[in-house]
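Chains as they are written, first to last, in our numbering: chain C, 2 to 345; chain V, 2 to 345. We put the beta carbon where it would ideally sit given N, CA and C, even for glycine.
Protein chains: 2
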Amino acid sequence: MPELRYNRLNDTWVIISKERAKRPHDYPVNWRKEVGDIKKCPFEPGKENLTPPEVFAIRDEGTKPNTPGWKIRVIPNKFPALRPDEEFYRISEDIYDKMGGFGYHEVIIDTPDHYKHMQDFSIGELFLLLLTFRERMKQLYQNSNIYYVQIFKNHGREAGKSLYHSHSQLIALPRIPKRINTQINQCRHYYREKERCLLCDEVKYELDQQTRIVHDNNRFTVYAPFASAFPFEMKIVPKFHSHDYTKTTDEELNDLAEALWTAVRKLSMLFEDPPFNLILHTAPPVRDIPWDPNYFYNMDRLFHWYIEIFPRMAIHAGFELGTEFFINPTPPEEAARYLREKKI
Amino acid sequence: MPELRYNRLNDTWVIISKERAKRPHDYPVNWRKEVGDIKKCPFEPGKENLTPPEVFAIRDEGTKPNTPGWKIRVIPNKFPALRPDEEFYRISEDIYDKMGGFGYHEVIIDTPDHYKHMQDFSIGELFLLLLTFRERMKQLYQNSNIYYVQIFKNHGREAGKSLYHSHSQLIALPRIPKRINTQINQCRHYYREKERCLLCDEVKYELDQQTRIVHDNNRFTVYAPFASAFPFEMKIVPKFHSHDYTKTTDEELNDLAEALWTAVRKLSMLFEDPPFNLILHTAPPVRDIPWDPNYFYNMDRLFHWYIEIFPRMAIHAGFELGTEFFINPTPPEEAARYLREKKI
Numbered sequence: 002m003p004e005l006r007y008n009r010l011n012d013t014w015v016i017i018s019k020e021r022a023k024r025p026h027d028y029p030v031n032w033r034k035e036v037g038d039i040k041k042c043p044f045e046p047g048k049e050n051l052t053p054p055e056v057f058a059i060r061d062e063g064t065k066p067n068t069p070g071w072k073i074r075v076i077p078n079k080f081p082a083l084r085p086d087e088e089f090y091r092i093s094e095d096i097y098d099k100m101g102g103f104g105y106h107e108v109i110i111d112t113p114d115h116y117k118h119m120q121d122f123s124i125g126e127l128f129l130l131l132l133t134f135r136e137r138m139k140q141l142y143q144n145s146n147i148y149y150v151q152i153f154k155n156h157g158r159e160a161g162k163s164l165y166h167s168h169s170q171l172i173a174l175p176r177i178p179k180r181i182n183t184q185i186n187q188c189r190h191y192y193r194e195k196e197r198c199l200l201c202d203e204v205k206y207e208l209d210q211q212t213r214i215v216h217d218n219n220r221f222t223v224y225a226p227f228a229s230a231f232p233f234e235m236k237i238v239p240k241f242h243s244h245d246y247t248k249t250t251d252e253e254l255n256d257l258a259e260a261l262w263t264a265v266r267k268l269s270m271l272f273e274d275p276p277f278n279l280i281l282h283t284a285p286p287v288r289d290i291p292w293d294p295n296y297f298y299n300m301d302r303l304f305h306w307y308i309e310i311f312p313r314m315a316i317h318a319g320f321e322l323g324t325e326f327f328i329n330p331t332p333p334e335e336a337a338r339y340l341r342e343k344k345i
Numbered sequence: 002m003p004e005l006r007y008n009r010l011n012d013t014w015v016i017i018s019k020e021r022a023k024r025p026h027d028y029p030v031n032w033r034k035e036v037g038d039i040k041k042c043p044f045e046p047g048k049e050n051l052t053p054p055e056v057f058a059i060r061d062e063g064t065k066p067n068t069p070g071w072k073i074r075v076i077p078n079k080f081p082a083l084r085p086d087e088e089f090y091r092i093s094e095d096i097y098d099k100m101g102g103f104g105y106h107e108v109i110i111d112t113p114d115h116y117k118h119m120q121d122f123s124i125g126e127l128f129l130l131l132l133t134f135r136e137r138m139k140q141l142y143q144n145s146n147i148y149y150v151q152i153f154k155n156h157g158r159e160a161g162k163s164l165y166h167s168h169s170q171l172i173a174l175p176r177i178p179k180r181i182n183t184q185i186n187q188c189r190h191y192y193r194e195k196e197r198c199l200l201c202d203e204v205k206y207e208l209d210q211q212t213r214i215v216h217d218n219n220r221f222t223v224y225a226p227f228a229s230a231f232p233f234e235m236k237i238v239p240k241f242h243s244h245d246y247t248k249t250t251d252e253e254l255n256d257l258a259e260a261l262w263t264a265v266r267k268l269s270m271l272f273e274d275p276p277f278n279l280i281l282h283t284a285p286p287v288r289d290i291p292w293d294p295n296y297f298y299n300m301d302r303l304f305h306w307y308i309e310i311f312p313r314m315a316i317h318a319g320f321e322l323g324t325e326f327f328i329n330p331t332p333p334e335e336a337a338r339y340l341r342e343k344k345i
């Protein structure tokens with residue numbers, strides 16, 4: 002019996018289609034791709050000259066920028082979607098509106114190891130990656146024309162990855178993206194009514210229920226959202242209230258790394274390396290929003306940062322693109338049970 | 002030089018990334034798939050007993066339902082996302098909200114010919130398909146619990162198609178989808194300001210400019226939208242004002258068929274059968290919207306139906322899913338030029 006479920010945070014509806022119910026064995030397994038040729042890989046240690054100079058790195062003591070000895074390396078994208086040397090402007094083109102393509106588009110090389118992917122990383126390696134996200138985000142927010150930094154990872158061809166060597170990406174935008182705007186509106190609306198944070202309530206409820214919980218540690222919980230748009234979708238949420246990822250402490254990042262390690266390994270082992278996107282949602286930094294002087298009012302209380310993992314085993318087709326409804330053939334309660342029980 | 006462009010109708014922003022500019026030869030060509038085995042195909046004439054009984058068909062005179070002799074055949078989906086025998090209800094599940102999975106999910110078998118795809122159809126065949134869309138939509142709107150009928154076509158595996166034999170689909174929903182809601186809001190906002198229809202203005206401007214026009218006939222124009230989210234995206238829009246597809250006349254559908262024939266053939270020949278989604282956007286029928294008694298006020302003047310074609314040659318990855326920003330590596334002006342010049 003199908004059911005329509007409301008995702009309050011995103012203001013979207015999802016069809017949980019039990020009729021088409023898919024269990025893990027109904028999905029393709031073994032997505033593992035042909036290994037990219039290491040000789041042609043521009044992300045290998047020793048080939049730092051093939052990429053633009055690094056803007057941030059975690060390196061062994063005493064090693065110089067743009068030489069080997071790095072654990073994580075952040076570089077400008079060679080084919081950037083946005084550019085820091087573009088002018089920041091807003092202008093009309095007759096009946097249309099546009100802005101200059103100002104911004105940053107960077108690649109975070111997660112590891113020097115050509116053959117290692119996120120599910121192979123240790124908790125310590127994931128900690129360094131999460132720390133890199135935080136530090137580079139902080140640096141980019143120094144620029145007052147940067148309104149939002151979107152950090153994401155595309156894993157596998159079906160999730161949009163084009164280069165084999167494991168990497169994450171960051172795009173720093175000259176405006177707050179629509180999806181974050183929607184989430185802020187929804188959280189504000191909820192707060193106005195309840196005087197409570199939407200995600201705090203959700204986490205508390207999910208921990209009470211347990212049916213959709215995948216994993217739980219000291220500070221973070223991993224669960225399959227009630228209105229999951231993707232089969233085996235997961236949300237990693239701090240159990241303490243926090244609106245801003247840049248304010249996380251190293252201790253918190255350590256627990257986050259453990260939660261992420263568990264989530265990614267479980268997913269990867271259940272389907273033998275399926276494609277997925279990892280997306281970090283956090284509150285934007287305070288900026289001048291001339292059309293809404295109260296945009297940032299109470300932001301620290303109403304927004305709650307989190308990470309989402311979207312496995313890309315089903316394609317969003319004409320219906321999803323046309324309506325913004327999603328069809329999910331695996332109820333999150335079932336997905337959570339399979340993920341929870343998967344030994345890693 | 003990249004540029005951010007605003008899509009007013011959808012309230013989204015697109016990065017037109019000229020740095021990564023892709024011309025037709027930068028995309029993979031020859032997407033043509035392995036032909037699905039005709040012996041296993043449940044959509045062949047003579048195998049009508051393998052599908053649920055038809056609910057609509059265009060047939061040769063004197064032939065009986067669920068027997069050969071059909072040109073187009075509409076059947077319930079065997080694995081429906083929504084079901085007409087589900088109850089129509091709205092209910093909460095503690096902190097969450099949900100609705101019964103009531104609705105219709107139907108397959109429109111476009112042609113009895115296993116080997117024919119949309120780009121191979123004649124204008125006459127496309128006319129019958131567009132007429133089927135109109136008639137079945139009208140029939141389903143008899144049911145007052147159906148708030149919207151989304152008609153779409155997934156062509157090619159990358160666009161979400163799972164069965165080889167050419168078909169379209171229809172999902173009749175118990176609520177107005179978010180994207181249509183957004184479009185109505187945006188059109189209303191525009192109308193309030195200008196006392197003009199947004200799409201009427203856009204069509205007029207595009208026809209004046211000519212730079213993004215792909216094709217133009219008596220009643221319809223085909224163009225690459227200013228803020229195209231997908232490379233080689235096209236919009237087919239009536240040049241006369243009309244909010245409701247169910248009210249189109251046969252003469253209008255005939256011109257629409259010519260425009261659609263041209264658009265699909267040009268796209269298909271430019272890339273050798275690329276994957277794409279076709280989506281029909283039209284005003285919802287008048288229903289009781291208890292929380293907004295004026296929802297349908299002026300709808301006939303502010304909304305303008307249209308068809309969009311989304312080629313799926315680029316994958317929407319973590320960035321697009323996270324932000325609802327899109328990155329389009331081919332400026333629509335270039336896409337339109339290639340499409341316009343493509344001989345068919």
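Supposed contact pair ILE73(C) and LEU129(C) - C-beta distance, whole angstroms, cut 8 angstroms: What you label residue 129(C) is simply residue 128 of the first sequence in a count that begins at 1. What you label residue 73(C) is simply residue 72 of the first sequence in a count that begins at 1. Under the criterion of beta carbons closer than 8 angstroms, LEU129(C) and ILE73(C) qualify as touching, at roughly 6 angstroms.
Would you report the Cα separation of LEU279(C) and ILE109(V), rounded to the nearest angstrom? If you number the first sequence from 1, residue 279(C) lands on position 278. If you number the second sequence from 1, residue 109(V) lands on position 108. Rounded to the nearest angstrom, the two C-alpha atoms are 36 angstroms apart.
Proximal residues, the segment 219-250 of chain C versus chain V, C-beta separation under 7 angstroms: Under the 7 angstroms Cβ criterion, the segment 219-250 of chain C contributes PHE227.
Under 8 angstroms, with one C-beta from each stretch per pair, do the segment 135-151 of chain C and the segment 301-311 of chain C reach the 3-pair mark? Output reads no: the segment 301-311 of chain C does not touch the segment 135-151 of chain C.
Report buried or exposed for ILE92(C), applying the criterion of at least 16 other Cβ atoms within 10 angstroms of its Cβ. The residue labelled residue 92(C) in the question sits at position 91 within the first sequence. Result: exposed.
Buried or exposed by the 16-neighbour rule on C-beta atoms within 10 Å, applied to HIS282(C): Stepping through the first sequence from its first residue, residue 282(C) is reached at position 281. So HIS282(C) ends up on the buried side.
Give, in chain order, every residue of the segment 316-337 of chain C whose Cβ lies closer than 9 angstroms to some Cβ of chain V. ILE316, HIS317, ALA318, GLY319, PHE320, GLU321, LEU322, GLY323, THR324, GLU325, PHE326, ILE328 and PRO330
Backbone CA spacing between PRO178(C) and PHE327(V) [nearest angstrom]: In the first sequence, residue 178(C) corresponds to position 177, counting from 1. In the second sequence, residue 327(V) corresponds to position 326, counting from 1. Their Cα atoms are separated by approximately 10 angstroms.
Taking only runs of the alpha helix (DSSP H) that begin and end inside the segment 94-141 of chain V, which ones reach a length of at least 4 residues, in chain order? DSSP assignment within the segment 94-141 of chain V yields the following whole alpha helix (DSSP H) runs of 4 residues or more, N-terminal first: 124-141.
Exposure of GLN211(V), with buried meaning 16 or more beta-carbon neighbours within 10 Å: The count along the second sequence starts at 1 and reaches residue 211(V) at position 210. Looking at its Cβ environment, which holds fewer than 16 other Cβ atoms inside 10 Å, GLN211(V) is exposed.
Mind listing the chain V neighbours of THR13(C)? Cutoff is C-beta to C-beta under 8 angstroms, in chain order. If you number the first sequence from 1, residue 13(C) lands on position 12. What THR13(C) touches in chain V: LYS179.
Can you pull the chain C residues whose beta carbon is under 9 angstroms from the beta carbon of ASN155(V), in chain order? As a working note, residue 155(V) is residue 154 in the second sequence. Residues of chain C passing the Cβ test: ILE316, ALA318, GLY319 and PHE320.
Give the DSSP bridge partners of LYS154(C), in chain order. The residue given as residue 154(C) occupies position 153 in the first sequence. Paired residues: LEU279(C).
Going along the chain, which residues of its own chain have a beta-carbon closer than 6 angstroms to the beta-carbon of TRP262(C), five neighbours each way excluded? As a first step, residue 262(C) must be located in the first sequence, where it is residue number 261. The residues are ILE124 and LEU127.
Show which residues of chain C have a CB atom less than 9 angstroms away from the CB atom of LYS117(V). Here the question's residue 117(V) lines up with position 116 in the second sequence. In chain order: nothing, as chain C lies at least about 19 angstroms away.
For ARG60(C), which residues of its own chain have a beta-carbon under 6 angstroms away from its beta-carbon, when the five flanking residues on both sides are left out? By one-based count along the first sequence, residue 60(C) stands at place 59. Cβ within range, chain order: GLY70 and TRP71.
In chain order, what residues of the segment 77-97 of chain C put their CB closer than 7 angstroms to some CB of chain V? Here the close residues are PHE80, PRO81, ALA82, LEU83, ARG84, GLU87, ASP95, ILE96 and TYR97.
Taking C-beta to C-beta, are PRO285(C) and GLU159(C) nearer than 9 angstroms? Stepping through the first sequence from its first residue, residue 285(C) is reached at position 284. Stepping through the first sequence from its first residue, residue 159(C) is reached at position 158. Contact flag unset, no.
Ignoring anything shorter than 3 residues, give me the beta strand (DSSP E) runs that lie fully in the segment 204-265 of chain C, in order along the chain. 214-217, 221-224 and 235-239
DSSP bridge partner residues for ASN329(V) (one or two, in chain order): Residue 329(V) sits at position 328 when you count from the first residue of the second sequence. Looking at the DSSP output, ASN329(V) bridges to ILE17(V).
Residue from GLU325(V), PHE297(V) and TYR246(V) with nearest C-alpha to ILE363(V): In the structure as shown, chain V starts at 2 and stops at 345, and residue 363(V) therefore has no counterpart that could be examined.
Going by beta-carbon coordinates alone, are VAL204(C) and ALA264(C) separated by less than 9 angstroms? Numbered from its first residue, the first sequence carries residue 204(C) at position 203. Numbered from its first residue, the first sequence carries residue 264(C) at position 263. Not a contact, by the Cβ cut-off of 9 angstroms.
Put GLU309(C) into one of helix, strand or coil per three-state DSSP. The sequence position of residue 309(C) within the first sequence is 308, counting from 1. In this structure, GLU309(C) counts as strand in the three-state DSSP scheme.
Nonlocal neighbours in the same chain, by C-beta distance under 6 angstroms from SER269(V), ignoring five residues either side: Here residue 269(V) corresponds to residue number 268 of the second sequence, with the count starting at 1. Once the five neighbours on either side are set aside, the close Cβ partners of SER269(V) are GLN120.
With a Cβ-Cβ cutoff of 9 angstroms, do HIS115(V) and ALA82(V) count as a contact? As a first step, residue 115(V) must be located in the second sequence, where it is residue number 114. As a first step, residue 82(V) must be located in the second sequence, where it is residue number 81. No, the Cβ-Cβ distance between HIS115(V) and ALA82(V) is not below 9 angstroms.
What residues in its chain sit with their C-beta under 6 angstroms from that of CYS188(V), if we drop five residues either side in the sequence? Walking along the second sequence from the start, residue 188(V) turns up at place 187. LEU199, LEU303 and PHE304.
C-alpha distance - LEU340(V) paired with ALA225(V), whole-angstrom precision: Taking the second sequence and counting its residues from 1, one reaches residue 340(V) at position 339. Taking the second sequence and counting its residues from 1, one reaches residue 225(V) at position 224. C-alpha separation (whole angstroms): 9 angstroms.
Which residues, in order along the segment 127-150 of chain V, keep a beta-carbon less than 9 angstroms from a beta-carbon of chain C? TYR149
Is it true that the CB of ASN329(V) sits closer than 9 angstroms to the CB of GLU234(V)? Counted from its first residue, the second sequence places residue 234(V) at position 233. Counted from its first residue, the second sequence places residue 329(V) at position 328. Against a cut-off of 9 angstroms, the Cβ pair of ASN329(V) and GLU234(V) comes out as a contact.
Between which two residues does the alpha helix (DSSP H) holding PHE57(C) run? Position 56 of the first sequence, counted from the first residue, corresponds to residue 57(C). No alpha helix (DSSP H) contains PHE57(C), which is instead part of the beta strand (DSSP E) from 57-60.
CA-to-CA distance, PRO43(C) to PRO66(C), given in whole angstroms: In the first sequence, residue 66(C) corresponds to position 65, counting from 1. In the first sequence, residue 43(C) corresponds to position 42, counting from 1. In a straight line, the C-alpha of PRO66(C) is about 16 angstroms away from that of PRO43(C).
Terminal residues of the continuous alpha helix (DSSP H) containing ASN186(V)? Locating residue 186(V) in the second sequence gives position 185, counting from the first residue. First-last of the alpha helix (DSSP H) with ASN186(V): 179-195.
Spatial neighbours of GLY161(V) within its chain, please: C-beta separation below 6 angstroms, excluding the five flanking residues on both sides. Your numbering for residue 161(V) matches position 160 in the second sequence. The answer, listed in chain order, is ASN155.
Proximal residues, the segment 184-202 of chain C versus chain D, C-beta separation under 7 angstroms: Absence of chain D from the displayed structure is noted, the protein chains being C and V.
Kindly indicate which residue of ASN8(V), TYR97(V), LYS23(V) and LEU5(V) has the alpha-carbon position closest to the one of ALA336(V). By 1-based counting over the second sequence, the position of residue 336(V) is 335. It is LYS23(V).
Under 8 angstroms between beta-carbons, which chain V residues line up against TYR206(C)? List them in chain order, please. Mapped onto the first sequence, residue 206(C) falls at position 205. The answer, in chain order, is ASP95 and ILE96.
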